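This is how it looks when you write it as structure tokens:
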């Protein structure tokens with residue numbers, strides 16, 4: 181139990197002065213305190229409204245349901261002056277104990293212990309999830325940090341609060357989290373505001389993706405870990421078995437043993453448009469940052485996503501993948517270059533990859549180079565068209581996935597070498613799919629980058645003040661340049677580096693249309709008409 185601090189009683193003013201004025205400001209210990217005299221009682225509170233700082237000395241005091249109520253006249257927030265309770269929902273108002281001695285008003289300005297202030301900030305942070313109050317989230321994380329707490333604890337708690345509310349498992353909220361934390365390490369030390377931004381963005385995205393969802397509890401049970409059984413359970417879409425095996429790993433040999441089978445399951449199909457592999461990589465990174473105690477909830481969420489992943493290699497567009505994987509022999513010796521893949525559809529891209537299967541590095545470079553070139557040459561008209569069927573609903577984010585998937589390929593297959601064939605052929609699926617949506621004659625000269633590393637170092641700090649209201653877009657705005665920087669640092673002399681940097685530059689200079697009113701209406705009318 182947290183002990184109460186020793187009182188620090190400070191004389192504010194004679195009682196007669198407050199009785200005559202009704203309200204007064206009192207300053208002590210760096211605090212600005214509002215004093216009110218109502219119905220023979222003295223009330224003291226923080227003068228700044230906890231919402232947006234309006235001076236409460238200008239507020240309205242009235243009696244409501246037997247309580248003395250203070251209303252902030254700016255946004256009509258209402259507080260019980262006895263307890264500080266917020267009667268409209270939101271931050272509580274700090275109340276200071278008072279007493280009268282020898283005709284003078286004394287105010288106890290002692291602060292609660294740091295531990296209690298941290299606990300309160302976390303409790304209030306959780307409450308802010310109810311209506312996704314972004315500004316309150318920022319304030320509570322600022323309060324947590326001001327009390328000496330670690331803002332990373334806000335992320336840990338947010339994961340625990342939300343992981344059972346993702347009905348289909350991992351989302352971009354988790355995938356973008358380690359990248360935000362990396363940016364925080366690199367650029368968050370300049371000022372107090374920058375220091376909390378990565379944590380606020382992570383927590384707010386987790387809150388948004390779980391907003392108003394009910395809990396979807398994971399099945400009970402724990403089974404001794406077996407990597408092959410985990411892959412089989414995921415393939416069979418058996419969440420109960422997969423969950424039990426994850427618990428067995430986390431409580432037995434350790435979460436690290438989950439990396440190989442989850443990666444294998446993610447690459448067992450060309451699935452979920454590459455998200456599955458990206459989520460494997462980012463889950464591992466996030467556990468490494470948050471600590472072993474967060475491994476179980478994060479890996480439970482990941483296997484739920486893997487169990488529910490859409491398996492695009494079962495649809496017509498990607499049905500060539502499975503035969504191509506069967507034909508891979510690792511002996512193809514045809515020289516390969518990015519331009520070989522620029523315009524090939526999926527079956528032809530897979531065949532072309534197989535003909536160069538003997539040189540893994542050359543094939544990776546060709547596919548990465550092709551993905552970067554396609555992104556640089558994306559025909560943005562596809563992002564605004566409303567005269568095409570649903571499969572042609574293509575935008576910038578589809579092209580960023582080709583890059584972030586390649587980043588996850590290098591990271592995960594570097595640890596699990598036997599999965600390179602699956603991953604390289606799935607990179608070919610990306611280039612084959614995106615080939616239909618490029619404009620080869622696109623003028624790319626305005627986007628050329630002389631120094632890719634310097635370009636990224638200039639770009640990344642700007643994300644701390646991005647103006648994107650949609651979390652799904654801001655997540656890609658973070659993930660793409662972080663993945664690009666990681667790839668360039670790993671291979672600074674790779675032939676695709678200038679093209680990739682230019683593609684990222686064009687992405688950030690472009691607009692993304694996200695609401696498609698006419699497209700949605702036309703496709704809905706066509707869909708209904710075809711129902712028969």
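In this note's numbering, the protein residues as written are 181 to 712. We treat Cβ as the ideally placed atom computed from N, Cα and C, and that holds for glycine. The structure displayed is predicted, hence computed values, not measured ones.
Asked                                                                                                                : Found
Under 8 Å between C-beta atoms of residue 318 and residue 380                                                        : yes
8 Å Cβ cutoff met for residue 327 and residue 305                                                                    : no
Residue(s) in a DSSP beta bridge with residue 276                                                                    : 224
Cα-Cα separation between residue 388 and residue 508, rounded to whole angstroms                                     : 42 Å
Through-space distance from residue 341 to residue 197, alpha-carbon basis                                           : 49 Å
Residue 215 in three-state terms, based on DSSP                                                                      : strand
Distance, residue 202 Cα to residue 193 Cα                                                                           : 13 Å
Residue 385 versus 371, 429, 433, 308, residue with shortest Cα-Cα distance                                          : 308
Whether residue 610 touches residue 512 by CB criterion (8 Å)                                                        : no
Other residues of its chain near residue 181: CB distance less than 6 Å, five sequence neighbours each side excluded : Any reading at residue 181 must be qualified, since the residue scores a pLDDT of 47, below 50, and its modelled position is unreliable; the value itself is stated next. Within the same chain, residue 181 has no close Cβ partners at all.
Contact set for residue 313: own chain, Cβ-Cβ below 8 Å, skip 5 residues either direction                            : 270
Opposing strand residues paired with residue 451 [DSSP bridges]                                                      : 491
Where the alpha helix (DSSP H) containing residue 199 begins and where it ends                                       : 195 to 201
Proximity to residue 276 [Cα-Cα], best of 349, 299, 295, 191                                                         : 191
Bridge partners - residue 240, DSSP secondary structure assignment                                                   : 251
Proximity winner among 527, 274, 280, relative to residue 220 (alpha-carbon distances)                               : 280
CB contact flag (residue 578, residue 534, <8 Å)                                                                     : no
Three-state class that DSSP yields for residue 313 in the structure shown                                            : coil
Beta strand (DSSP E) runs wholly inside the region 329 to 390, at least 3 long, in chain order                       : none
Reference residue 505; option with closest CA among 376, 529, 523, 485                                               : 529
Opposing strand residues paired with residue 191 [DSSP bridges]                                                      : 286
Closest Cα partner of residue 188 within the set 598, 372, 286, 452                                                  : 286
Residue 716 - DSSP class collapsed to helix/strand/coil                                                              : Nothing can be reported for residue 716: it is not among the residues displayed for the chain, which extend from 181 to 712.
Span of the beta strand (DSSP E), counted from its first residue to its last, around residue 258                     : 258 to 260
Collapsed DSSP secondary structure at residue 414 in the structure displayed                                         : helix
Spatially closest choice to residue 184 from 206, 293, 246, by CA coordinates                                        : 293
Alpha carbon of residue 211 to alpha carbon of residue 690, nearest angstrom                                         : 47 Å
Spatial distance of residue 352 from residue 456 (CA atoms)                                                          : 11 Å
One or two residues paired with residue 691 in a DSSP bridge                                                         : BP columns for residue 691 are empty, so no partner.
Proximity test, residue 567 beta-carbon vs the ligand MN heavy atom, cut-off 7 Å                                     : As for the ligand MN, it is missing from this structure, which has no ligand bound.
Helix, strand or coil at residue 208 [DSSP, three-state]                                                             : strand
Span of the alpha helix (DSSP H), counted from its first residue to its last, around residue 545                     : 540 to 556
Span of the alpha helix (DSSP H) around residue 589                                                                  : 576 to 593
Per DSSP, cross-strand counterpart(s) of residue 235                                                                 : 228
Unbroken alpha helix (DSSP H) run spanning residue 627, endpoints                                                    : Element bounds for residue 627: n/a, residue is neither H nor E.
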